[in-house]
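Chains as they are written, first to last, in our numbering: chain V, 1 to 281; chain F, 282 to 750. Using N, Cα and C, we set each Cβ at its ideal position, and we do this for glycine too.
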Amino acid sequence: MNKIIKKKNLNSQVTLMEIDAPEIARKAEPGQFIILRVNEDGERIPLTVADYDREKGTVTIIFQIVGATTMALNQLNEGDYIQDFAGPLGTPTNTENLKKVAVVGGGVGCAIAYPVAKKLHLKNCTVHSIIGFRNKELVILEDEFKAVSDRISVMTDDGSYGEKGLVTDALKKLIESGEQYDEVFAIGPLVMMKYVSKLTREYGIKTTVSMNPIMIDGTGMCGGCRLTVGGKTKFACVDGPDFDGHEVDFDEAIERSTMYREFEQQAREDHCRLFNGGVQK
Amino acid sequence: MANMSLKKNEMPSQDPKIRKDNFLEVALGYSEEQAVDEAKRCLNCKTKPCIEGCPVRIYIPEFIQKVAERDFEGAYQIISVSSSLPAVCGRVCPQETQCEQKCIRGKKGEPVAIGRLERFVADWHNQHGKTEVVKPKQNGHKVAIIGSGPAGLTCAGDLAKKGYDVTVFEALHEPGGVLVYGIPEFRLPNAIVQKEIDSLKALGVKIETNMVIGKVLSIDELMDMGFEAIFIGTGAGLPRFMGIPGENLKGVYSANEFLTRVNLMKAYQKDSTTPIYRAKKVAVVGGGNVAMDAARCALRLGADKVYIVYRRSEAELPARVEEVEHAKEEGVIFKLLTNPVEILPDENNFVAGIKCVEMELGEPDSSGRRRPVAKENSEFIIDVDCVIMAIGTSPNPLIKATTKGLETEKWGGIIADETGKTSRPGVYAGGDAVTGAATVILAMGAGKNAAAAIDEEIKKKYSKNQLIK
């Protein structure tokens, strides 16, 4: 059982929680994830570490309320406990020997991109951040990114905040203007990572993406998180979650992510009914 | 007077037509009368060959004599000297190739039903036993066990009985390893495993869940924390795939994922919220016990047709004969001498079928079994909407990757001698993590040997300059 130290709604769909987990906080690195279960009968879901405080012994998670589990998690408050919290899992993001990078975050993916940007900044690497959202209401972590970036572009799909356009538009502009990056980190929806990778391939810039497929155990046991990278089957939980964006078969990953779509929809509806006092089917 | 019947007392079981739709236990266990009658078949022979056949060397004739005398608790006490998990072994051990294979009654007729008697005794104890577990006198020496499967639990139990301060680290949220995530409820109910784990806790064993050793703590850090010896029993959890086209379609599972969703994540319960694909036609690829478990779970989740697709013939099926028989009785269809070459997609990239070729057996290969060879132009399609790959697993790499100086085989197995000693001083390993995927009882045997070796090493260390506390 791990205690929720702090809870903050970043927007109507995204919540931040600081969790008391000293052993994990001692070891966690950007790019790694935890697996949690909200309650006794809950599912195991992976969430990438959004931040950690080694001294306080806390790990920060940021999640989008999308399914029954994240809805249940969002019902908890400061002082409540999470049933299970295991980690840090996966391989840390490689931040060695980089002089100048672009960090691209999309939507709630910014929560994962932020610790990468922060770590690179602390290693005196020049960081250009591009963060994109559907609209102004959904913008998160802007101040945090600003604090660790040498340059920042905020993009919205509808132009209600920052610049109107996609993160790929902003990245292309920067590259075209002559910025030379050792590496691009792209973390966000699969479609976004696919198109960022497509763009950077044209310019021959090494690109790392963070995959977040369906998984159960997070230790290499179930194989549910498998994806094709460079023609080979890889497990996101132990081989990743970071992979070379130019090698990932995104179309397959996008397909696989919809395996339980109907099931999730049903669970979401049931859950909503439950909390609205309605009767479950 | 011994019971000279040539046949074992039959095991009462659920009717196949009924049990194929529920997750309740298939075998129901002997009554007291059946157990006593079966126990009287033991001749209590001088040579006791059955004990040799047991990886944890249970005093088999002795416990059977107690059953014959109706002293069931006495029988349990004899078993528990050697085994930490009797209710588990009585259910999942392949007795036909171990103790029962050696039984002299088997020379003419059937051997004594040792497994069924062991199960009876353990269940009797769990229901009626009143003997309180006495926590042994503590010797103050700390030992860490990594993994709470059969190897780890056995090692923990044996050391706790000797007074060691034992902590078991488990990566998942529930202890038991393959006993809880892999073996289904109808073969080994979770409540039985839980009881065995509770007995270990009563002996003073501490269990820490959600601890992924190799990530949250390394072997070296455990040593720094004062653990004087470490036993690695992390199993062979990494699923293998065939590498054929279509393996990443929606509706293709590793047996591990499928069974974990069903067992550990409780999709077998009617009101479970665990997502699982309830397919109507399922192909399970492989012929081992895990394949049988997956096939029989798929039936119970509501599939109309379940196929076992196996590339060799019936004689080579690695699963226990009993499991194969049970699967057949329940209606699982065996497609033998059949090998998948491709999984076919529908328009939404879900599984629409599995393309196979017919095989024939050629010359024996390195395993001594005749090698299956594809027949030319024999391709055919089995109409299925789900495929479960049960073709084996490899040892989990997490510990190997983070432990300097721990030598491993090329295929990932940790190198250890017969006492479990690895290339790192104070670090022992056993079970599937060393041998690759094998049986529960072999893992228990390895855990037991390692416990003895750890005890000896620690005693030796302290006998030189100070007495063991």
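Exposure label - residue i; buried when at least 16 CB within 10 Å
i, result
"F:Ser361", "buried"
"F:Lys454", "As written in the sequence, residue 454 of chain F is His, which differs from the Lys given in the question. Per the 10 Å Cβ criterion, buried."
"F:Val602", "exposed"
"V:Gly277", "With a pLDDT of 45 at V:Gly277, under the threshold of 50, the modelled position of this residue cannot be trusted; read the value that follows with caution. Counting Cβ neighbours within 10 Å, V:Gly277 comes out exposed, since fewer than 16 surround it."
"F:Gln376", "buried"
"F:Val443", "According to the sequence provided, residue 443 of chain F is Lys. The question's Val does not apply to it. Under this definition F:Lys443 is a buried residue."
"V:Val279", "Residue confidence is low: V:Val279 scores 40 on pLDDT, short of 50, so the model does not pin down where it sits. No coordinate-derived value is stated."
"F:Asp736", "buried"
"V:Thr208", "buried"
"F:Val449", "buried"
"F:Arg351", "exposed"
"F:Ala472", "exposed"
"V:Asn9", "exposed"
Selected residue, minimal CA-CA separation from residue i, among the options
i, options, result
"F:Asn544", "F:Glu502, F:Phe661, F:Gly463", "F:Gly463"
"V:Gln13", "V:Ile62, V:Lys123, V:Gly159, V:Glu40", "V:Ile62"
"F:Arg581", "F:Gly457, F:Val563, F:Ala596", "F:Val563"
"F:Ile307", "F:Val348, F:Arg372, F:Gln315", "A quick correction: the sequence has Val, not Ile, at residue 307 of chain F. Cα-wise, what sits closest to F:Val307 is F:Arg372."
"F:Pro470", "F:Val486, F:Cys323, F:Arg400, F:Leu498", "F:Arg400"
"V:Phe235", "V:Leu122, V:Met211, V:Gln64, V:Tyr81", "V:Met211"
"F:Pro645", "F:Glu639, F:Val638, F:Pro653", "F:Pro653"
"F:Leu723", "F:Ser286, F:Pro336, F:Ile299, F:Phe304", "F:Pro336"
"F:Lys649", "F:Glu604, F:Arg593, F:Thr703, F:Trp692", "Contrary to the premise, residue 649 of chain F reads as Gly rather than Lys in this sequence. Nearest C-alpha to F:Gly649: F:Arg593."
"V:Val298", "V:Thr258, V:Gly106, V:Asn124, V:Leu171", "Because chain V spans 1 through 281 in this model, residue 298 of chain V falls outside it and cannot be assessed."
"V:Gly240", "V:Lys119, V:Gly79, V:Ser257, V:Thr219", "V:Thr219"
"F:Asp318", "F:Lys327, F:Asn303, F:Gln346", "F:Gln346"
"F:Thr257", "F:Ile359, F:Lys691, F:Ala710", "Since the first residue of chain F shown is 282 and the last is 750, residue 257 of chain F is not available in this structure."
"F:Gly673", "F:Gly428, F:Thr720, F:Gly433", "F:Thr720"
"F:Thr683", "V:Gln266, V:His246, V:Val238, V:Gly178", "V:Val238"
"F:Met670", "F:Asn537, F:Lys616, F:Ala600, F:Gly686", "F:Asn537"
"V:Val285", "V:Ile216, V:Val49, V:Gln180, V:Val167", "No answer is possible for residue 285 of chain V: the residues shown for chain V start at 1 and end at 281."
"V:Pro92", "V:Ala28, V:Asp251, V:Asp217", "V:Ala28"
"V:Met193", "V:Lys232, V:Cys110, V:Ala117", "V:Cys110"
"F:Ala517", "F:Ser312, F:Ala432, F:Leu287", "F:Ala432"
"F:Gly686", "F:Glu313, F:Asp574, F:Asp501, F:Ile385", "F:Asp501"
"F:Arg338", "F:Ala437, F:Gln379, F:Ala452", "F:Gln379"
"V:Pro213", "V:Glu202, V:Gly230, V:Pro189, V:Arg201", "V:Pro189"
"F:Gly410", "F:Cys436, F:Phe353, F:Glu466", "F:Phe353"
"F:Glu738", "F:Ile511, F:Phe304, F:Ala403, F:Arg397", "F:Ile511"
"F:Gly387", "F:Thr435, F:Val402, F:Met285, F:Gln408", "F:Met285"
"F:Ile696", "F:Asp585, F:Ile513, F:Ile488", "F:Ile513"
"F:Ala441", "F:Lys321, F:Val414, F:Ser659", "F:Val414"
Proximal chain V residues relative to residue i, where beta-carbon distance stays under 9 Å
i, result
"F:Gly438", "In chain order: nothing, as chain V lies at least about 24 Å away."
"F:Glu413", "Near F:Glu413 there are no residues of chain V at all, since even the closest Cβ is about 29 Å away, more than 9 Å."
"F:Arg542", "Ile216, Cys222, Gly224"
Within chain F, the residues that residue i reaches when beta carbons sit closer than 9 Å
i, result
"V:Glu302", "In the structure displayed, chain V extends from 1 to 281; residue 302 of chain V sits before or after that span and is not available."
"V:Ala68", "Thr554"
Proximal chain V residues relative to residue i, where beta-carbon distance stays under 8 Å
i, result
"F:Leu244", "With chain F running from 282 to 750 in the structure shown, residue 244 of chain F is simply not present."
"F:Asn752", "Outside the shown range of chain F (282 to 750) lies residue 752 of chain F, about which nothing can therefore be said."
Residues that residue i contacts on chain F, provided the C-beta gap is smaller than 7 Å
i, result
"V:Thr228", "Asn529"
"V:Tyr260", "Pro556"
"V:Glu252", "Asn529"
"V:Arg151", "Within chain F, no residue comes near V:Arg151; the closest Cβ sits about 35 Å away, beyond 7 Å."
"V:Phe263", "Pro556"
Contact list for residue i against chain F, beta-carbon separation under 8 Å
i, result
"V:Glu43", "Met546, Thr554, Thr555, Pro556"
"V:Asp84", "His454, Thr490, Asn491"
Partner residues on chain V for residue i, Cβ-Cβ distance less than 7 Å
i, result
"F:Leu453", "Asp217"
"F:Ser535", "Cys222, Gly223"
"F:Glu538", "Ile216, Cys222, Gly223, Gly224"
8 Å Cβ cutoff, residue i in contact with chain B
i, result
"V:Leu89", "Looking at the structure shown, chain B is missing, and the protein chains on hand are V and F."
>> So, does the stretch 80-98 of chain V touch the stretch 28-41 of chain V, judging by three or more C-beta pairs under 8 Å?
In response: yes
> Which whole runs of the beta strand (DSSP E) in the stretch 565-637 of chain F are 3 residues long or more, in chain order?
Replying inline: 586-590, 614-616, 619-626
> So, do the stretch 220-232 of chain V and the stretch 134-149 of chain V have three or more beta carbon pairs nearer to each other than 8 Å?
Replying inline: no
>> My parser needs the alpha helix (DSSP H) runs of 4 or more residues fully inside the stretch 169-204 of chain V; what are they?
In response: 190-203
> Counting Cβ pairs closer than 8 Å, one from the stretch 98-107 of chain V and one from the stretch 129-139 of chain V, do we hit at least three?
Replying inline: yes
> So does the stretch 423-438 of chain F actually touch the stretch 385-395 of chain F, counting three or more Cβ pairs closer than 8 Å?
Replying inline: no
> At a cut of 8 Å, does the stretch 69-84 of chain V reach the stretch 153-171 of chain V through at least three beta carbon pairs?
Replying inline: no
> Does the stretch 482-492 of chain F come close enough to the stretch 562-579 of chain F to have 3 or more Cβ pairs within less than 8 Å?
Replying inline: no
>> Does the stretch 595-612 of chain F come into contact with the stretch 626-633 of chain F, if we say contact requires no fewer than three beta-carbon pairs (one atom in each stretch) closer than 8 Å?
In response: no
> Which full runs of the alpha helix (DSSP H) of 4+ residues lie inside the stretch 309-382 of chain F, going along the chain?
Replying inline: 313-320, 330-333, 341-349, 353-363, 367-373
>> Closer than 8 Å is the cut-off here; do at least three beta carbon pairs connect the stretch 253-261 of chain V with the stretch 521-534 of chain F?
In response: yes
> Which ranges does the beta strand (DSSP E) cover as unbroken runs of at least 3 residues, wholly within the stretch 543-567 of chain F, from first to last along the chain?
Replying inline: 562-566
> What runs of the alpha helix (DSSP H), each 4 residues or longer, lie entirely inside the stretch 49-95 of chain V?
Replying inline: 68-75
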